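*Asks:* Residue numbers (my numbering): 969 to 1240.
Where is the CB? At the ideal position from N, CA and C, for every residue including glycine.
Quantities reported herein were computed from a predicted structural model and do not represent experimental measurements.
Below is one structure. I have some questions about it.
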Amino acid sequence: MSHKFEEQPHNAITDSKIARVIPCKELDLGDPLKWIRLGLRDMLKAPHITALFGLLFALVPWLIYYLVVQTGWHLVILPALVCFMLIGPFLAAGLYDVSWELEKNHVPSIWHSIKAITRNAVNEWAFGILLMVLMIFWLRVAALIHALYPPYLDDNFENLLPFLAVGTIVGAGFTLLVFFISAFTQPILMERKVDLATAVMTSMNAVWVNKKVMLIWGGFIFACVAFGFVVGITLDYILGFGSFLFTMPLIGYASWHAYIDTIETKRGRKFE
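What follows is the structure in structure tokens.
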């Protein structure tokens, strides 16, 4: 279903004057399903590149799992999950490039995807640094929460529950902040010669205007990441982390279509 862009509603973000805010459209609740369908189509059109990026996304949580096993610090799971979601948008740049190439009826290539980060290099790397700073800050907060855990208590669920609850609440806050900041920032920087502030403010405004739809979309992303971590660490690391081979490329491709469907362009886009 196509949408028409309407006059941009005023809110604290558009009125802040921090940076230009590119207008967005108001989405329908069923749009995330359309993005997933289009993302799946892109996966089937570029299976080799998809497999390569899927392997990369699966390797990161496996390394986190290895860290948990070696240190015995099970409370690292929640910080690790949030960190994975922090760096995900930055790593997904290559997947965005594949969908963009397919949209232009070009044949995507691995090298072209790798070079995607250089199109708006200064601002894209600044975005990466921003995510890294947020990740480091979150790790410090997580370490503080862990430091409050009495060392004399056994590592059972009853004793861990209060700290897991606190970590979940704080982590949810960080995840929500990062989702506002990063939902559309990376594809905006890739396709348009705009500064980081414009991309971030545009992303935040688009999420705010479409709170219900983006809550569904964000919930789907979180569910995919959480499933992989929980199953991988508690039941079967091959099944859990292997799921990232499929889910993370799908999320990357679908996120590009979410961007195309949400942020205003000067000319119409045909991607269905």
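Quick check: Tyr1221 and Leu1012, are their CB atoms within less than 8 Å of each other?
*Replies:* It is not a contact, given that the beta carbons lie outside the stated cut-off.
*Asks:* Might you give, ordered along the chain, the residues of its own chain that have their beta carbon closer than 8 Å to the beta carbon of Phe1209, omitting 5 neighbours on each side?
*Replies:* Once the five neighbours on either side are set aside, the close Cβ partners of Phe1209 are Ala1026, Pro1029, Trp1030, Tyr1033, Gly1196, Gly1200.
*Asks:* CB-CB under 8 Å to Trp1079, same chain, minus the five flanking residues each way: which ones, in chain order?
*Replies:* Here the set comprises nothing.
*Asks:* So, for Met1172: in the same chain, excluding its five sequence neighbours on each side, which residues have a beta-carbon less than 6 Å away from its beta-carbon?
*Replies:* Counting only Cβ-Cβ distances below 6 Å, and skipping sequence neighbours, we find Ile981, Phe1148.
*Asks:* Are the beta-carbon atoms of Ala1167 and Leu1157 separated by less than 8 Å?
*Replies:* For Ala1167 and Leu1157, yes; Cβs fall inside 8 Å.
*Asks:* First and last residue of the alpha helix (DSSP H) that includes Ser1081?
*Replies:* Element bounds for Ser1081: 1078-1082.
*Asks:* Which word fits Ile1219, buried or exposed, when buried means at least 16 other C-beta atoms lie within 10 angstroms of its C-beta?
*Replies:* With 16 or more Cβ atoms within 10 Å of its Cβ, Ile1219 is classed as buried.
*Asks:* Please state whether the Cβ-Cβ distance between Met1182 and Ile986 is less than 8 Å.
*Replies:* Against a cut-off of 8 Å, the Cβ pair of Ile986 and Met1182 comes out as no contact.
*Asks:* Taking all protein chains shown into account, decide if Ser984 is buried (16 or more other Cβ within 10 angstroms of its Cβ) or exposed.
*Replies:* By the 10 Å Cβ count, Ser984 comes out exposed.
*Asks:* Locate the alpha helix (DSSP H) running through Thr1230, then write down its first and last residues.
*Replies:* Per DSSP, Thr1230 belongs to the alpha helix (DSSP H) from 1212-1230.
*Asks:* Given Leu1112, which residues of its chain have a CB within under 7 Å of its CB, disregarding the five upstream and five downstream residues?
*Replies:* There are no such residues.
*Asks:* Evaluate Ala1115 with the Cβ neighbour count: other Cβ atoms within 10 Å of its Cβ, from every protein chain shown; 16 or more gives buried, anything less gives exposed.
*Replies:* Result: exposed.
*Asks:* Given Ile1189, which residues of its chain have a CB within under 7 Å of its CB, disregarding the five upstream and five downstream residues?
*Replies:* If we look at Ile1189 and ignore the five residues flanking it on each side, its Cβ neighbours are Ile1219.
*Asks:* Since His1074 is in the alpha helix (DSSP H), which residue starts that stretch and which ends it?
*Replies:* It is not in any alpha helix (DSSP H) - His1074 carries neither H nor E in the DSSP assignment.
*Asks:* Can you give me the Cβ contacts of Leu1006 inside the same chain, cut-off strictly under 6 Å, excluding the 5 residues immediately before and after it?
*Replies:* So the list reads His1225, once near-sequence residues are dropped.
*Asks:* Quick check on this structure: which residue in Asn979, Arg1087, Gly998, Leu995 has the alpha carbon closest to the alpha carbon of Val989?
*Replies:* Of the candidates Asn979, Arg1087, Gly998, Leu995, the one whose C-alpha sits nearest the C-alpha of Val989 is Asn979.
*Asks:* According to the Cβ coordinates, are Val1066 and Ile1017 closer than 8 Å?
*Replies:* Going by C-beta atoms, Val1066 is nearer than 8 Å to Ile1017.
*Asks:* Can you tell which of Gly1187, Ala1089, Leu997 has its C-alpha closest to the C-alpha of Asp1163?
*Replies:* Nearest C-alpha to Asp1163: Ala1089.
*Asks:* If distances are taken between C-alpha atoms only, which option among Leu1024, Ile1085, Ala1151, Ser1223 comes closest to Val1177?
*Replies:* Answer by Cα proximity: Ala1151.
*Asks:* Tell me which residue opens and which closes the alpha helix (DSSP H) that Ile1104 is part of.
*Replies:* Per DSSP, Ile1104 belongs to the alpha helix (DSSP H) from 1089-1115.
*Asks:* Our contact map puts Leu995 next to Thr1153 with C-beta atoms below 8 Å; I'd like the distance itself, whole angstroms only.
*Replies:* The Cβ separation is near 18 Å, so there is no contact.
*Asks:* CB-CB under 7 Å to Asn1020, same chain, minus the five flanking residues each way: which ones, in chain order?
*Replies:* One point to set straight first is that residue 1020 is Leu, not Asn, in the sequence displayed. Excluding residues within five positions, the ones whose Cβ falls inside 7 Å are Ile1078.
*Asks:* Under 8 Å, do Ala1094 and Ala1061 count as touching if we go by C-beta distance?
*Replies:* In this structure, Ala1061 does not lie closer than 8 Å to Ala1094 by Cβ.
*Asks:* Would you mind sorting Asn1091 into buried or exposed? The rule is 16 or more other CB atoms within 10 Å of its CB.
*Replies:* Counting Cβ neighbours within 10 Å, Asn1091 comes out buried, since at least 16 surround it.
*Asks:* Taking the runs of the alpha helix (DSSP H) that are 4 residues or longer, which of them lie wholly in the stretch 976-1032?
*Replies:* Segments of the alpha helix (DSSP H) lying fully in the stretch 976-1032: 999-1013.
*Asks:* Should Lys993 go down as buried or exposed, given a rule of 16 or more other Cβ atoms within 10 Å for buried?
*Replies:* By the 10 Å Cβ count, Lys993 comes out buried.
*Asks:* Can you grab the Cα-Cα spacing for the pair Phe1212 / Ala1174, in whole Å?
*Replies:* The alpha-carbon atoms of Phe1212 and Ala1174 are separated by roughly 27 Å.
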